[in-house]
Amino acid sequence: MKLSFLHSIFKQNTLSTKYLETILIKNLRKICKKNSILIYEDITIYHHSKKLTFPLLLIDINRGLYIFEQKLWSFDDLKNSTISESSHQASTDNGLSYENRQEFIKQKFNELIHCDGVHIYNFLLMENLDRDQYEHLDDSFKRLLPFEKIIFKDSNELEMSTKLQENISLQIKPSKLIDIIGNLFVQYTVLDYNGQKYIATLEQIEFIDHEFNNTVTLYAEEGSGKTSAIVLKALLYILKHPKKNLLIIKPTLFDCDVLKHLLNITIEHSMIEIDIDSIDIITPKDFISKKIKKTDLIICDDIELLEQNFLTKIKTIQKNRPLILVTSKKDADADFSFTKKFICKTQNFLFEQSNHIDKALEIITNLLYSNSAKDILLFCNSDNREIILNQLELLIPGKSGLFDSSNNLIDQDLNKLLLHTYENISTISSKFILLLDVESIPLEIVEYIAKRCSDTTYIIYDNESEKINNLITKLV
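First residue of the sequence shown? That's 34 in the working numbering, and the numbers climb one at a time after it.
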C-alpha cells in the first residue's frame, strides 16, 4: 500500500517517539519472539545527507519489512471525519505517511544493490479503536486503511499473528539478514578490512547506541570486533551530532592509518555523507604537539599501550566530558564488555626453551611449508632482529622485512614476514607470532602481543623464571 494519508478534523493526540508499552506492543513482541522476527524501535536509516527515523520496524527474513505506525486516535476523534490520499506527506500526529518511508528504503537498496531489496508491508496500531468501531467509520477509511492492515485495541494474539504471518505470502527464497541490516543500518553493520559485512552483536549495539557525558571503559580482547565498533560509534556520534567533533587516539601512526582505512571503507559502503574532518585520528605524540585542550568526545583505544602519564592528562582534560577508554585487560572495571570473539580457531600458546635465533629459524622454516611469509610476525630486540633478517634473506630472499609502527601504512610491506622490536608496540596481528627476548619486556606487553595471533604464538626463552611461569599461567 503505497499511500500517505491526511484527515480533515482529527484531534491531535501526541505520542512520544518511544512507543507506549501497551498490550498490543507486548503481544507484538511475543509474536516476534515466537517467529524469529527482529523488532526495532526508533531506528534511523541514514542515506547520503538524509535520515529517516522509523518508530517501529520489523524484519522477517521469510516475508520482508513491516513498517508500523502507532496512533492514539479514538472513535470520537474519527467518527465525523473522512480520510483522503496525499502524496509525500510526512508522518504527524494527525496523519500517516508510508510512501515516504517505503521510497526512502527502496532508494537506499537500489543505490547499494540495484534492486528494491525486500517486500515492504505497512501496518497501523490503533490503540484506542476496536474492530466494531472501525466498521462505523466513513467508507474512506476502509478504502485507504483496509481492515487486514490494522491492529485494533481488541485484537488478540491470534488475530495479530494471522495478519502478520498467515495473510502474507512467504518469499520463494528467504532473505539473508545481513543483506537487509547490512544495507539499511550503517550503525549496526560491521565491516572488516576486506569489506566483508557482519551484523553487530547486541553487546556492540549497546555500546554504539549509548549516550553519556562522563568517562566509560570498554573491555574488548583481540578478535572481538572492537575496532569496527569504535568506527561505528564514531560515525553514529557524528551522524547524530553533525556540529560536534570526535577524537580517536591510537598508539602508533600505523594504527591510525589502519583505523582511517576501515573508517573510509565503512563510509564508502554505507553511502552516507559526513564531514570526515570532524573525526580526527591521531597518536599521543600528535595530541601533545597540537596542544588540544578538549573536544566533544575522545576515544582512547588500546590504553595498555599508552603511557600512564598521558592517560592521566587525557582524563584531566576531558573531565565532565565524554571519554571512552578501550582496554583488553580482563581485570578492568568496565562499563561495557565484548565477550564474543570472532576468531574461530582456538589460539595456541607454545613455550620453547631454546636458543632464540636457532629455534626461531627452525619454527619459521617449518611454518613456511604450508603458510605464506606474510602469515608470520616476529618480535625481538634490535640486535637479534638484524641477525635474523640476514638469515631470512638467505632462507626466503625478498620475503622478509623490518616493521616500524611509526611509519605510515602505505610505507609498510604487509606481504612480507615482518620483524618488529618491542618499541612503539602497535596493534598489528598475524596468524603466527614469534616472541623472543621476552625476559626484559613488561609482562602485560608480552601478554598483549601474544594474544594478537589468530592461530599460534611461540614464546622462545632461555631459562625458566617467575615471568615465564606467570606467562604460562596466563596464556596456557
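Ideal placement from N, C-alpha and C gives every residue a C-beta, glycine not left out.
### Query
What three-state label does DSSP hand Asp444 in the structure shown?
In the sequence shown, residue 444 corresponds to position 411, counting from 1. Three-state DSSP puts Asp444 in a helix.
### Message
Going by DSSP in three states, Ile325 sits in which element: helix, strand or coil?
### Response
Taking the sequence shown and counting its residues from 1, one reaches residue 325 at position 292. Looking at Ile325 - three-state DSSP - the assignment turns out to be coil, as it is neither helix nor strand.
### Query
Using a Cβ-Cβ cut-off of 7 angstroms (strictly less than) and excluding sequence neighbours within five positions of Lys182, which residues of its own chain qualify?
Taking the sequence shown and counting its residues from 1, the one referred to as residue 182 is at position 149. So the list reads Met34, Asn155, Phe156 and Leu157, once near-sequence residues are dropped.
### Query
What is the DSSP secondary structure of His147, reduced to helix, strand or coil?
Within the sequence shown, residue 147 is the residue found at index 114, counting from 1. Secondary structure of His147 (DSSP, three-state): coil.
### Message
By the three-class DSSP mapping on this structure, what secondary structure does Ala253 have?
### Response
For this step, residue 253 is matched to residue 220 along the sequence shown. Reduced to three states, the DSSP call for Ala253 is strand.
### Task
In the DSSP assignment, find the alpha helix (DSSP H) that holds Val264 and state where it starts and stops.
In the sequence shown, residue 264 corresponds to position 231, counting from 1. Taken as a continuous stretch (DSSP letters only), the alpha helix (DSSP H) holding Val264 covers Lys259 to Lys273.
### Query
Got a sec, what are the start and stop residues for the beta strand (DSSP E) Lys84 sits in?
Reading the sequence shown from its first residue, position 51 is the one you call residue 84. That run of the beta strand (DSSP E) goes Lys83 to Asp93.
### Other residues of its chain near Gln166: CB distance less than 6 angstroms, five sequence neighbours each side excluded
Indexing the sequence shown from 1 puts residue 166 at position 133. Contacts found: Phe108.
#### Entry: Touch test, the region 161 to 180 against the region 76 to 93, Cβ-Cβ under 8 angstroms, three pairs minimum
No, the region 161 to 180 does not touch the region 76 to 93.
### Message
Just list the residues that DSSP pairs Phe465 with in beta bridges.
### Response
Here residue 465 is taken as the residue at index 432 of the sequence shown, counted from 1. Residue pairing by DSSP places Phe465 opposite Ile409 and Thr489 in a beta bridge.
### Message
I'd like the list of long-range same chain contacts for Ile314, defined as Cβ closer than 6 angstroms, with 5 residues on each side in sequence excluded.
### Response
One-based indexing of the sequence shown puts residue 314 at position 281. Non-local beta-carbon contacts of Ile314 in its own chain, meaning distances under 6 angstroms to residues more than five positions away in sequence, involve Ile281, Cys289, Leu292 and Lys293 in chain order.
### Euclidean distance between Cα positions of Lys32 and Glu337
Since the first residue of the chain shown is 34 and the last is 509, residue 32 is not available in this structure.
### Query
For Glu497, does the three-state DSSP call read helix, strand or coil?
The count along the sequence shown starts at 1 and reaches residue 497 at position 464. Of the three classes helix, strand and coil, the one that applies to Glu497 here is coil, per DSSP.
### Query
Which first and last residues belong to the beta strand (DSSP E) in which Ser117 is found?
Within the sequence shown, the letter at position 84 stands for residue 117. Where Ser117 is concerned, the enclosing beta strand (DSSP E) starts and stops at Ile116 to Glu118.
### Message
On the criterion of 16 or more Cβ atoms from any shown chain inside 10 Å, does Cys148 qualify as buried, or is it exposed?
### Response
Looking up residue 148 in the sequence shown gives position 115. Under the 10 Å beta carbon count, Cys148 is surrounded by fewer than 16 other beta carbons and is classified as exposed.
### Query
Does the region 371 to 391 touch the region 235 to 253, meaning 3 or more C-beta pairs lie closer than 8 angstroms?
Yes, they touch.
### Validate contact between the region 218 to 229 and the region 243 to 262 using beta carbons, cut 8 angstroms, 3 pairs
As far as the Cβ criterion goes, the region 218 to 229 touches the region 243 to 262, which means the pair count is three or higher.
### Host beta strand (DSSP E) of Phe382 (start-end)
As a first step, residue 382 must be located in the sequence shown, where it is residue number 349. Asn381 to Gln386 is the extent of the beta strand (DSSP E) around Phe382.
### Task
Just list the beta strand (DSSP E) runs in the region 201 to 241, keeping only unbroken ones of 3 residues or longer that don't cross its boundaries, in chain order.
Qualifying beta strand (DSSP E) stretches, in chain order: 222 to 224 and 230 to 232.
### Simplified DSSP assignment, three categories, for Lys374
Taking the first residue of the sequence shown as 1, we reach residue 374 at position 341. Judged by DSSP in its simplified three-state form, Lys374 adopts coil rather than helix or strand.
### Query
Which whole runs of the beta strand (DSSP E) in the region 336 to 368 are 3 residues long or more, in chain order?
Counting only runs that start and end inside the region 336 to 368, the beta strand (DSSP E) elements of at least 3 residues fall at 356 to 360.
### Task
Please report the residue range of the beta strand (DSSP E) in which Lys104 lies.
For the purposes of this step, residue 104 is taken as residue 71 along the sequence shown, with counting starting at 1. Residues Gly97 to Ser107.
### Query
Taking the C-alpha atoms as reference points, what is the distance between Phe384 and Asn457?
Within the sequence shown, the letter at position 351 stands for residue 384. Within the sequence shown, the letter at position 424 stands for residue 457. About 24 angstroms.
### Message
Between the alpha carbons of Leu286 and Leu442, how many angstroms are there, rounded?
### Response
Looking up residue 286 in the sequence shown gives position 253. Looking up residue 442 in the sequence shown gives position 409. Roughly 8 angstroms separates the two Cα atoms.
### 6 angstroms Cβ shell around Leu296 - same chain, five flanking residues per side excluded
The residue given as residue 296 occupies position 263 in the sequence shown. Result list for Leu296: Val264, in chain order.
### Task
Apply the 10 Å Cβ neighbour rule to Ile213 and answer buried if 16 or more other Cβ atoms are within range, or exposed otherwise.
Indexing the sequence shown from 1 puts residue 213 at position 180. Its Cβ being crowded by 16 or more others within 10 Å, Ile213 is buried.
### Query
In chain order, what residues of the same chain lie with their CB nearer than 8 angstroms to the CB of Ile241, ignoring the 5 residues before and after it?
Residue mapping note: residue 241 aligns to position 208 of the sequence shown, counting from 1. Only Gln220, Tyr221, Ala233, Ala262, Leu265, Lys266 and Leu269 meet the Cβ criterion.
### Task
Check each candidate in Tyr252, Leu451 and Ile309 and name the one with the smallest Cα separation from Leu358.
Position 325 of the sequence shown, counted from the start, is the residue given in the question as residue 358. For the residues Tyr252, Leu451 and Ile309, the minimum Cα distance to Leu358 belongs to Tyr252.
### Message
Let me confirm a value: His389 is counted as buried when at least 16 other C-beta atoms fall within 10 Å, else exposed. Which label applies?
### Response
Mapped onto the sequence shown, residue 389 falls at position 356. Residue burial annotation: His389 is buried, with at least 16 other C-beta atoms found within 10 angstroms of its C-beta.
### Message
Buried or exposed for Pro275, going by 16 or more other Cβ atoms inside 10 Å?
### Response
Within the sequence shown, numbered from 1, the residue matching residue 275 stands at position 242. The C-beta of Pro275 has fewer than 16 other C-beta atoms within 10 Å across all chains shown, which makes the residue exposed.
### Residues near Ser311 in its chain [Cβ-Cβ closer than 8 angstroms; skip 5 each side]
As a working mapping, residue 311 is identified with position 278 in the sequence shown. Cβ neighbours of Ser311 within its own chain (closer than 8 angstroms, five residues either side excluded): Ile271, Pro275, Lys277, Asn278 and Leu279.
### Task
Measuring alpha carbon to alpha carbon, tell me which of Tyr491, Asp93 and Ile331 ends up nearest Ser208.
The count along the sequence shown starts at 1 and reaches residue 208 at position 175. The shortest C-alpha to C-alpha distance from Ser208 to any of Tyr491, Asp93 and Ile331 is the one to Asp93.
#### Entry: Which listed residue (Gly434, Pro430, Asn404 and Glu136) has its alpha carbon closest to that of Phe412
Position 379 of the sequence shown holds residue 412. Comparing Cα-Cα distances from Phe412 to each of Gly434, Pro430, Asn404 and Glu136, the minimum goes to Gly434.
### Three-state secondary structure assigned by DSSP to Ser124
In the sequence shown, the residue the question calls residue 124 occupies position 91. For Ser124, the pLDDT reaches just 47, beneath the cut-off of 50, and the residue's location in the model is therefore unreliable, leaving the point undetermined.
#### Entry: Lys324 versus Ile421 - alpha carbon distance
Here residue 324 refers to the residue found at position 291 when the sequence shown is read from its first residue. Here residue 421 refers to the residue found at position 388 when the sequence shown is read from its first residue. Cα-Cα distance, rounded: 41 angstroms.
#### Entry: Same chain, Cβ closer than 6 angstroms to Leu410, five either side skipped, listed in chain order
One-based indexing of the sequence shown puts residue 410 at position 377. Around Leu410: Leu451, Ser463 and Ile466.
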